[in-house]
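Protein chains: 2
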Amino acid sequence: MPTDETPVRRRRGPSMADVARLAGVSGQTVSRVANERHNVDAATRDRVLAAMREVGYRPNSAARALRNGQFRSIGVIVFELSSFGTTRTLDAVAAAATVSGYAINLLPVLDVNQRAVTNAFSRLGEQAVDGVIILIEAHTLDEAGVQLPEGLPVVVVDSSAHYDYPIVDSNQAQGARLATEHLLDLGHETVWHVSGPPTSFAADRRRRSWELTLTQRGCEVPPVLNGDWTASSGYEAGRMLAANPDVTAVFAANDQMALGVLRALHERGRVVPDDVSVVGFDDMEESAHFWPPLTTILQNFVDVGRLSVDALIHEIQAGEHHHDPVAVPTKLVVRSSTAPPRRP
Amino acid sequence: MPTDETPVRRRRGPSMADVARLAGVSGQTVSRVANERHNVDAATRDRVLAAMREVGYRPNSAARALRNGQFRSIGVIVFELSSFGTTRTLDAVAAAATVSGYAINLLPVLDVNQRAVTNAFSRLGEQAVDGVIILIEAHTLDEAGVQLPEGLPVVVVDSSAHYDYPIVDSNQAQGARLATEHLLDLGHETVWHVSGPPTSFAADRRRRSWELTLTQRGCEVPPVLNGDWTASSGYEAGRMLAANPDVTAVFAANDQMALGVLRALHERGRVVPDDVSVVGFDDMEESAHFWPPLTTILQNFVDVGRLSVDALIHEIQAGEHHHDPVAVPTKLVVRSSTAPPRRP
DNA sequence: TGCATCGATGTTTACGTCAACATCGACCGC
DNA sequence: GCGGTCGATGTTGACGTAAACATCGATGCA
Numbered sequence: 001m002p003t004d005e006t007p008v009r010r011r012r013g014p015s016m017a018d019v020a021r022l023a024g025v026s027g028q029t030v031s032r033v034a035n036e037r038h039n040v041d042a043a044t045r046d047r048v049l050a051a052m053r054e055v056g057y058r059p060n061s062a063a064r065a066l067r068n069g070q071f072r073s074i075g076v077i078v079f080e081l082s083s084f085g086t087t088r089t090l091d092a093v094a095a096a097a098t099v100s101g102y103a104i105n106l107l108p109v110l111d112v113n114q115r116a117v118t119n120a121f122s123r124l125g126e127q128a129v130d131g132v133i134i135l136i137e138a139h140t141l142d143e144a145g146v147q148l149p150e151g152l153p154v155v156v157v158d159s160s161a162h163y164d165y166p167i168v169d170s171n172q173a174q175g176a177r178l179a180t181e182h183l184l185d186l187g188h189e190t191v192w193h194v195s196g197p198p199t200s201f202a203a204d205r206r207r208r209s210w211e212l213t214l215t216q217r218g219c220e221v222p223p224v225l226n227g228d229w230t231a232s233s234g235y236e237a238g239r240m241l242a243a244n245p246d247v248t249a250v251f252a253a254n255d256q257m258a259l260g261v262l263r264a265l266h267e268r269g270r271v272v273p274d275d276v277s278v279v280g281f282d283d284m285e286e287s288a289h290f291w292p293p294l295t296t297i298l299q300n301f302v303d304v305g306r307l308s309v310d311a312l313i314h315e316i317q318a319g320e321h322h323h324d325p326v327a328v329p330t331k332l333v334v335r336s337s338t339a340p341p342r343r344p
Numbered sequence: 001m002p003t004d005e006t007p008v009r010r011r012r013g014p015s016m017a018d019v020a021r022l023a024g025v026s027g028q029t030v031s032r033v034a035n036e037r038h039n040v041d042a043a044t045r046d047r048v049l050a051a052m053r054e055v056g057y058r059p060n061s062a063a064r065a066l067r068n069g070q071f072r073s074i075g076v077i078v079f080e081l082s083s084f085g086t087t088r089t090l091d092a093v094a095a096a097a098t099v100s101g102y103a104i105n106l107l108p109v110l111d112v113n114q115r116a117v118t119n120a121f122s123r124l125g126e127q128a129v130d131g132v133i134i135l136i137e138a139h140t141l142d143e144a145g146v147q148l149p150e151g152l153p154v155v156v157v158d159s160s161a162h163y164d165y166p167i168v169d170s171n172q173a174q175g176a177r178l179a180t181e182h183l184l185d186l187g188h189e190t191v192w193h194v195s196g197p198p199t200s201f202a203a204d205r206r207r208r209s210w211e212l213t214l215t216q217r218g219c220e221v222p223p224v225l226n227g228d229w230t231a232s233s234g235y236e237a238g239r240m241l242a243a244n245p246d247v248t249a250v251f252a253a254n255d256q257m258a259l260g261v262l263r264a265l266h267e268r269g270r271v272v273p274d275d276v277s278v279v280g281f282d283d284m285e286e287s288a289h290f291w292p293p294l295t296t297i298l299q300n301f302v303d304v305g306r307l308s309v310d311a312l313i314h315e316i317q318a319g320e321h322h323h324d325p326v327a328v329p330t331k332l333v334v335r336s337s338t339a340p341p342r343r344p
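These protein sequence lines map, in sequence, to chains C and G. FYI, the numbering for the first sequence is 1 to 344, going by UniProt numbering. FYI, the numbering for the second sequence is 1 to 344, going by UniProt numbering.
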């Protein structure tokens, strides 16, 4: 960006001094009223309050941040909000942060190739947030050339232990085991898997857990079909599966891909769940209304968000972090897309 | 919130003075280097840059904001991110703002009943953003008791002309007309409508446009079924519709409700599109993979987001706003959920 | 040579807030 | 009545930055 020559002439709002003058007190007394200190005479307080209202005083948070050395704001790094899980987590994070009195600074990584070119990421290159929650897979961050300032408190919402930062996430392995065992318990000989992208740690966790569950049960492990979380990729994978009469049970790594699988099966005339059972992962609101309603793994995004914020604020205020990853348990939600295999 | 007694002892980062001392120059020269002014000797600049790196200098945005009287940050008021449209718009807004060098402050309205109780909304009660984009229906804002500070630039993304603020939104009326006419053109005698909640202006616009289109074509206007944007509410409405053999064409005010309608029709054994045609609104990524793939109205959220940001920044920098509402056109996307009515 | 010009750099100051310290009057107990 | 205490309020200074102004040496031109 070239030097910004627009001289933004900004009429500054009224400051404490203005209020003080009008109320006939010192600025410090205004400060005390603004911060609800109790050592101010009731009459004085009323006068100050009235003066504030009259001039439309609003405290200047920049001055406050400068004075106090903290911003009461946390940055949240996201890639795209299109992903269901990210959105839900962000929602929960925002709610939790707000309750704790922290503002949310949204830091979108626009493009994996942005590198240093667009330094849209300047918010991190300068002091503006007290800490950061990373809601994208770390390799994306690396590829975007984003580097986190040293000493900045960070919490990662992801499923790799490769980070030096505290981690909070759903218990991916437990969820995938739940899904796979549900299908095996119904009597299916084995379970096929439509996986998330290989670059995703969460996808990797789910895939490995599915595989482990199968081998522990002595089941054959079919080849993995790789998707990229989108319904389209699920549809592509589903077309393969639908063409294979051996397939009776599918575990898709998220609900969107499961939706694509369902469509492919319908197109091929394979009935769900009579011919093929399907399980998803996430439990989006819509999943209950897929056709047929989808059996899936419920993630507790609210807990993930809240725990992330709590961990970050603790890190900010205490300066220390607990390094044990937090794994939020998931739950199996059984609907109509799963049934015992049809007996030949 | 009671007086926060936690004395957050925060080690402040290095400032310009530290860099200046190390580089053997004045603070002002450091400032010039930090702001990429060209009137600094190359050798000096290198020395300063090196010093910055050595001490790990990061400009303090609070001090900057205080000095410059602006924050380069815009607030975005959202209710919940669960809604598909809000999320997509937020995504676009964040991208556009970032490109323009503005940060995003997410301001979640946690509860319609929060009133003054939780003043989690403090970010607006103080100077911390240069302007605000409202992504929720205004009545929700009113009910939450949120009052916008006077003089703060605001842009509303909604479809009512009742505001004093600039408005950007998809052209709801045009989209609803597109949907309704598509069904009529296929030969259906009339079109039933599953509406969004009565409190939503966007829902109102779509409903009225649907009605107008029908009357203009001389078609009977069936009673409206009210939903609340969720797939569940669409399902409830769909059960009514499925039970009525006269129904051959349905326009749902969003894709999620359309999904619920599809489910209800399937459950009742009514075939889509042979027995009943269904059109949605939004064009979520998933809609192409519903069963059958959903004919719907595509909203250009990217444009909505970008135009909102542009309008707001213009308002911030020029201090004036154009009051003509911006209506972003929508497009009909035809898939397999619509067909001519079955001839008796 | 002398003076104007210009570019590089330094000095001062104000932005708004709030902790720390200072002041001042009222009230208390003896 | 007097030292002491306490509560209400005022004064000072510092947080980090950058505009405005000041300084100083080099260069250009008559």
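The beta-carbon is built from N, C-alpha and C at its ideal position, and this holds for glycine as well. Quick caveat: nothing in here was measured; it's all calculated off a predicted structure.
DSSP state of residue i mapped onto helix, strand, coil
| i | result |
| --- | --- |
| GLN229 (chain C) | The identity of residue 229 (chain C) in the sequence shown is Trp, whereas the question assumes Gln. Of the three classes helix, strand and coil, the one that applies to TRP229 (chain C) here is coil, per DSSP. |
| HIS182 (chain G) | helix |
| ALA116 (chain G) | With a pLDDT of only 41 at ALA116 (chain G), under the threshold of 50, the placement of this residue in the model should not be trusted; the figure read from the coordinates follows. If DSSP states are grouped into helix, strand and coil, ALA116 (chain G) belongs with coil. |
| GLN317 (chain C) | helix |
| GLN127 (chain G) | strand |
| HIS259 (chain G) | For the record, residue 259 (chain G) in the displayed sequence is Leu; it is not His. Helix, per DSSP. |
| VAL93 (chain G) | helix |
| ALA339 (chain C) | coil |
| ASP164 (chain C) | coil |
| TRP291 (chain G) | coil |
| HIS193 (chain G) | strand |
Interface flag, residue i vs chain C, CB-CB below 9 Å
| i | result |
| --- | --- |
| VAL19 (chain G) | no |
| residue 370 (chain G) | There is no way to answer for residue 370 (chain G), as the model of chain G reaches only from 1 to 344. |
| GLY13 (chain G) | yes |
| GLU54 (chain G) | no |
| ALA94 (chain G) | yes |
| ILE104 (chain G) | yes |
| PRO59 (chain G) | yes |
| ALA63 (chain G) | yes |
| TYR235 (chain G) | yes |
| GLY131 (chain G) | no |
Reference residue i; option with closest CA among the options
| i | options | result |
| --- | --- | --- |
| LEU66 (chain G) | C:HIS193, C:SER61, C:PHE79 | C:SER61 |
| GLN299 (chain C) | C:ALA176, C:ARG53, C:ASP18, C:VAL309 | C:ALA176 |
| GLN216 (chain G) | G:LEU22, G:ALA92, G:LEU184, G:TYR57 | G:LEU184 |
| LEU22 (chain C) | C:GLU36, C:GLY56, C:PRO222, C:LEU332 | C:GLY56 |
| ALA95 (chain G) | C:THR98, C:VAL78, C:THR87 | C:VAL78 |
| GLU150 (chain G) | G:ASN39, G:GLY125, G:ALA92 | G:GLY125 |
| VAL261 (chain C) | G:GLU286, G:LEU265, G:GLU320 | G:GLU286 |
| MET284 (chain G) | G:VAL276, G:PRO293, G:HIS266 | G:PRO293 |
| PRO329 (chain G) | G:HIS323, G:THR338, G:VAL302, G:HIS322 | G:VAL302 |
| ALA202 (chain G) | G:HIS139, G:VAL247, G:HIS38 | G:HIS139 |
| VAL224 (chain G) | G:ARG268, G:ALA252, G:ARG306 | G:ALA252 |
| HIS162 (chain C) | C:GLU137, C:GLY145, C:THR180 | C:GLU137 |
is_contact[residue i, chain G] using C-beta, thresh 9 Å
| i | result |
| --- | --- |
| residue 351 (chain C) | Here chain C covers residues 1 to 344 and nothing more, so residue 351 (chain C) does not appear. |
| PRO149 (chain C) | yes |
| HIS289 (chain C) | yes |
| ASP91 (chain C) | yes |
| THR295 (chain C) | no |
Residue i to residue j span [Cα, whole Å]
| i | j | result |
| --- | --- | --- |
| MET70 (chain C) | GLU236 (chain C) | Sequence inspection shows Gln at residue 70 (chain C); the Met mentioned does not correspond to that position. C-alpha separation (whole angstroms): 49 Å. |
| ASP142 (chain C) | ASP142 (chain G) | 43 Å |
| GLY101 (chain C) | SER170 (chain G) | 34 Å |
| GLN147 (chain G) | ARG263 (chain G) | 41 Å |
| residue 384 (chain C) | ILE316 (chain C) | The requested residue 384 (chain C) does not occur in the structure, where chain C is confined to residues 1 to 344. |
| VAL8 (chain G) | ALA311 (chain C) | Residue placement at VAL8 (chain G) is poorly supported in this model, since its pLDDT is 42, which falls under 50; the coordinates still yield a value, given next. So the two alpha carbons sit approximately 15 Å from each other. |
| ALA17 (chain G) | ASP41 (chain G) | 19 Å |
| VAL250 (chain G) | ASP275 (chain G) | 11 Å |
| PRO341 (chain G) | VAL156 (chain C) | 53 Å |
| ARG335 (chain C) | ALA288 (chain C) | 7 Å |
| VAL132 (chain G) | ARG64 (chain C) | 21 Å |
Practice item. Only counting runs of 3 or more residues, tell me where the beta strand (DSSP E) segments fall wholly within the region 25 to 89 of chain G, in order along the chain. Key: Entirely contained in the region 25 to 89 of chain G, the beta strand (DSSP E) runs reaching 3 residues are, in chain order, 73 to 78.
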